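In our numbering, the protein residues as written are 1306 to 1475.
Built from N, CA and C at the ideal position, the CB exists for glycine as well.
Since we're looking at a predicted model, the values are computed, not measured.
Set out below in C-alpha coordinates:
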(Lines of atoms letter the chains of each structure in order from A and count residues from 1; the text may use other names and numbers.)
(Lines give C-alpha, C1' and ligand atoms only; values in the text may rest on other atoms or scores of the structure.)
Protein backbone atom coordinates (compact mmCIF):
# COMPACT_ATOMS: atom_id res chain seq x y z
CA UNK A 1 0.00 0.00 0.00
CA UNK A 2 1.43 3.38 -0.97
CA UNK A 3 1.82 6.08 1.63
CA UNK A 4 0.62 9.59 0.89
CA UNK A 5 3.24 12.23 0.18
CA UNK A 6 1.71 14.48 2.82
CA UNK A 7 3.85 15.12 5.87
CA UNK A 8 3.24 14.04 9.44
CA UNK A 9 2.11 17.51 10.52
CA UNK A 10 -0.56 17.66 7.81
CA UNK A 11 -1.75 14.14 8.57
CA UNK A 12 -1.81 14.75 12.32
CA UNK A 13 -3.88 17.89 11.85
CA UNK A 14 -6.25 15.93 9.60
CA UNK A 15 -6.50 13.24 12.31
CA UNK A 16 -7.74 15.95 14.65
CA UNK A 17 -10.66 16.38 12.23
CA UNK A 18 -11.36 12.64 12.28
CA UNK A 19 -9.85 11.77 8.88
CA UNK A 20 -9.10 8.05 9.07
CA UNK A 21 -7.10 8.03 5.83
CA UNK A 22 -4.71 10.59 7.33
CA UNK A 23 -4.32 8.37 10.40
CA UNK A 24 -3.59 5.39 8.17
CA UNK A 25 -0.93 7.41 6.31
CA UNK A 26 0.57 8.57 9.59
CA UNK A 27 0.69 5.01 10.89
CA UNK A 28 2.27 3.61 7.73
CA UNK A 29 4.90 6.35 7.73
CA UNK A 30 5.80 6.44 11.43
CA UNK A 31 5.02 3.00 12.89
CA UNK A 32 8.18 1.24 11.62
CA UNK A 33 10.39 3.95 13.14
CA UNK A 34 8.47 4.01 16.38
CA UNK A 35 8.47 0.21 16.63
CA UNK A 36 12.27 0.22 16.36
CA UNK A 37 12.40 2.50 19.39
CA UNK A 38 9.75 0.46 21.24
CA UNK A 39 11.87 -2.65 20.75
CA UNK A 40 14.85 -0.87 22.27
CA UNK A 41 12.85 0.27 25.28
CA UNK A 42 10.89 -2.95 25.86
CA UNK A 43 12.87 -6.01 24.83
CA UNK A 44 9.90 -8.37 24.41
CA UNK A 45 8.33 -7.90 20.99
CA UNK A 46 4.77 -8.39 22.28
CA UNK A 47 5.25 -5.61 24.85
CA UNK A 48 6.82 -3.33 22.23
CA UNK A 49 3.91 -3.91 19.84
CA UNK A 50 1.41 -3.25 22.64
CA UNK A 51 3.21 0.00 23.43
CA UNK A 52 3.08 1.00 19.76
CA UNK A 53 -0.66 0.25 19.56
CA UNK A 54 -1.33 2.14 22.77
CA UNK A 55 0.69 5.09 21.48
CA UNK A 56 -1.23 5.27 18.20
CA UNK A 57 -4.57 5.02 19.99
CA UNK A 58 -3.52 8.01 22.10
CA UNK A 59 -2.28 9.86 19.02
CA UNK A 60 -5.69 9.37 17.38
CA UNK A 61 -7.67 10.33 20.49
CA UNK A 62 -5.54 13.37 21.29
CA UNK A 63 -4.66 14.65 17.82
CA UNK A 64 -6.72 17.76 18.45
CA UNK A 65 -4.32 18.76 21.25
CA UNK A 66 -1.33 18.87 18.86
CA UNK A 67 -0.09 22.44 18.44
CA UNK A 68 2.35 22.91 15.55
CA UNK A 69 3.53 26.16 17.14
CA UNK A 70 4.89 24.22 20.13
CA UNK A 71 6.56 21.21 18.50
CA UNK A 72 6.90 19.15 15.36
CA UNK A 73 4.40 16.37 14.76
CA UNK A 74 7.09 13.73 15.20
CA UNK A 75 8.28 15.23 18.49
CA UNK A 76 4.70 15.31 19.76
CA UNK A 77 4.09 11.68 18.80
CA UNK A 78 7.41 10.48 20.20
CA UNK A 79 6.70 12.25 23.48
CA UNK A 80 3.51 10.21 23.80
CA UNK A 81 5.49 7.05 23.11
CA UNK A 82 8.15 8.06 25.62
CA UNK A 83 5.68 8.78 28.43
CA UNK A 84 3.80 5.54 27.83
CA UNK A 85 7.09 3.59 27.80
CA UNK A 86 8.16 5.26 31.05
CA UNK A 87 4.84 4.36 32.65
CA UNK A 88 5.35 0.73 31.67
CA UNK A 89 8.97 0.68 32.84
CA UNK A 90 7.99 2.15 36.20
CA UNK A 91 5.30 -0.41 36.91
CA UNK A 92 5.88 -2.28 40.17
CA UNK A 93 7.92 -5.42 39.72
CA UNK A 94 9.69 -4.19 36.62
CA UNK A 95 13.41 -3.61 36.60
CA UNK A 96 15.09 -1.06 34.42
CA UNK A 97 17.11 -2.52 31.59
CA UNK A 98 20.65 -3.20 32.78
CA UNK A 99 22.25 -1.89 29.64
CA UNK A 100 21.00 1.08 27.70
CA UNK A 101 20.27 0.61 24.02
CA UNK A 102 22.65 2.20 21.61
CA UNK A 103 20.90 5.21 20.10
CA UNK A 104 22.28 4.85 16.56
CA UNK A 105 20.84 1.34 16.41
CA UNK A 106 17.40 2.77 17.20
CA UNK A 107 17.54 5.36 14.44
CA UNK A 108 15.84 4.31 11.22
CA UNK A 109 17.67 4.80 7.93
CA UNK A 110 15.41 7.65 6.88
CA UNK A 111 15.53 9.57 10.15
CA UNK A 112 14.81 13.26 10.43
CA UNK A 113 17.64 15.79 10.85
CA UNK A 114 17.17 15.95 14.62
CA UNK A 115 17.75 12.24 15.02
CA UNK A 116 20.70 12.31 12.65
CA UNK A 117 22.23 15.16 14.68
CA UNK A 118 21.73 13.09 17.83
CA UNK A 119 23.51 10.15 16.24
CA UNK A 120 26.51 12.39 15.47
CA UNK A 121 27.02 13.44 19.09
CA UNK A 122 29.90 12.07 21.12
CA UNK A 123 29.10 9.02 23.24
CA UNK A 124 28.56 10.74 26.61
CA UNK A 125 26.10 13.44 25.47
CA UNK A 126 24.27 10.95 23.26
CA UNK A 127 23.87 8.39 26.05
CA UNK A 128 22.95 11.07 28.57
CA UNK A 129 20.27 12.54 26.29
CA UNK A 130 18.88 9.12 25.49
CA UNK A 131 18.78 8.11 29.16
CA UNK A 132 17.14 11.41 30.16
CA UNK A 133 14.51 11.69 27.45
CA UNK A 134 13.74 8.07 26.66
CA UNK A 135 14.73 6.39 29.90
CA UNK A 136 13.39 8.94 32.35
CA UNK A 137 16.64 9.14 34.29
CA UNK A 138 17.61 12.32 36.18
CA UNK A 139 21.12 13.83 36.13
CA UNK A 140 22.23 12.01 39.26
CA UNK A 141 21.06 8.63 37.96
CA UNK A 142 22.75 9.22 34.61
CA UNK A 143 25.95 10.29 36.38
CA UNK A 144 25.94 7.12 38.48
CA UNK A 145 25.25 4.91 35.47
CA UNK A 146 27.93 6.54 33.29
CA UNK A 147 30.32 6.89 36.25
CA UNK A 148 30.82 10.62 35.72
CA UNK A 149 30.13 13.69 37.87
CA UNK A 150 26.60 15.12 37.68
CA UNK A 151 28.02 18.47 36.54
CA UNK A 152 29.69 16.78 33.59
CA UNK A 153 26.41 15.11 32.68
CA UNK A 154 24.47 18.39 32.92
CA UNK A 155 27.02 20.08 30.67
CA UNK A 156 26.94 17.15 28.21
CA UNK A 157 23.14 17.30 28.01
CA UNK A 158 23.12 21.08 27.49
CA UNK A 159 25.83 20.92 24.84
CA UNK A 160 24.11 18.00 23.14
CA UNK A 161 20.80 19.84 23.00
CA UNK A 162 22.58 22.91 21.63
CA UNK A 163 24.24 20.90 18.86
CA UNK A 164 20.96 19.21 17.98
CA UNK A 165 19.14 22.55 17.79
CA UNK A 166 21.83 23.86 15.43
CA UNK A 167 21.17 20.98 13.03
CA UNK A 168 17.39 20.90 13.31
CA UNK A 169 15.06 22.83 11.06
CA UNK A 170 13.33 25.71 12.82
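Exercise. Would the beta-carbon of residue 1468 fall within 8 Å of that of residue 1437?
Worked result: no
Exercise. Is the number of C-beta pairs between the stretch 1312-1320 and the stretch 1370-1385 that are closer than 8 Å three or more?
Worked result: yes
For this session: Look at the Cβ atom of residue 1317, then the Cβ atom of residue 1390, and state whether they are nearer than 8 Å.
Result: no
Problem set entry | Residues near residue 1454 by beta carbon distance below 8 Å, same chain, minus five either side | 1448
Problem set entry | Under the three-state DSSP convention, the category residue 1328 falls into | In the three-state DSSP reduction, residue 1328 falls in the helix class (H, G or I).
Exercise. In angstroms, rounded to a whole number, what distance separates the CA positions of residue 1324 and residue 1363?
Worked result: Going by C-alpha positions, residue 1324 is about 15 Å away from residue 1363.
For this session: Thinking residue 1388 and residue 1361 are a contact (beta carbons under 8 Å), I'd like their distance in whole angstroms, please.
Result: Between residue 1361 and residue 1388 the Cβ distance is about 14 Å, and since that is not below 8 Å, they are no contact.
Exercise. Nearest to residue 1298 by alpha carbon, out of 1366, 1365, 1344?
Worked result: Residue 1298 is absent from the model: the chain starts at 1306 and stops at 1475.
Problem set entry | Residue span of the alpha helix (DSSP H) that contains residue 1448, given as start and end | 1444-1451 is the extent of the alpha helix (DSSP H) around residue 1448.
For this session: Closer than 8 Å by C-beta to residue 1340: which residues in its own chain qualify, once you throw out the five before and the five after it? Chain order, please.
Result: 1353, 1354, 1357
Exercise. Which residues mark the beginning and the end of the alpha helix (DSSP H) in which residue 1361 is found?
Worked result: First-last of the alpha helix (DSSP H) with residue 1361: 1350-1367.
Exercise. So, using beta-carbon positions, are residue 1430 and residue 1464 closer together than 8 Å?
Worked result: yes
Problem set entry | Own chain partners of residue 1321 with C-beta closer than 7 Å, once the 5 adjacent residues on each side are dropped | 1368, 1369, 1371
Exercise. Residue 1347: which of 1456, 1319, 1386 sits nearest, CA to CA?
Worked result: Considering only alpha carbons, the answer is 1386.
Exercise. Where does the unbroken alpha helix (DSSP H) through residue 1459 begin, and where does it stop?
Worked result: 1455-1472
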